[in-house]
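Trainee:
Numbering (mature numbering (1 follows the signal peptide of the UniProt record, and there is no 0)), first residue to last: -24 to -1, 1 to 40.
Here it is, written out as structure tokens:
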């Protein structure tokens, strides 16, 4: 018979592994960003900031 602490450790490791797997596979919907620009300096800086972000984090929409 195995000691109780060994069984408890195995259960905790199993639960932590399951939680990490679920958290890693969960995908968040990208934020929708609408750009309305008059091509002034502040708009240029906002577009440059967007270029630094991960493309999977946002869905860029434009208004021309």
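Glycine included, each C-beta is placed from N, C-alpha and C at the ideal position.
In this text the structure is predicted, and so the values were computed from the model without any measurement.
I'd like to know if the stretch 7 to 22 and the stretch -22 to -6 are in contact, where contact means that at least 3 CB-CB pairs between them fall below 8 angstroms.
Mentor: Judged by Cβ distances under 8 angstroms, the stretch 7 to 22 makes no contact with the stretch -22 to -6, as fewer than three pairs qualify.
Trainee: Just to confirm the assignment, what range does the beta strand (DSSP E) spanning residue 14 have?
Mentor: Taken as a continuous stretch (DSSP letters only), residue 14 belongs to no beta strand (DSSP E), as it is neither H nor E.
Trainee: Quick check on residue 29: does DSSP put it in helix, strand or coil?
Mentor: coil
Trainee: Report back the beta-carbon spacing between residue 38 and residue 6 to the nearest angstrom; my notes put them in contact at under 8 angstroms.
Mentor: With 8 angstroms as the limit, residue 38 and residue 6 do not qualify as a contact, their Cβ atoms being about 15 angstroms apart.
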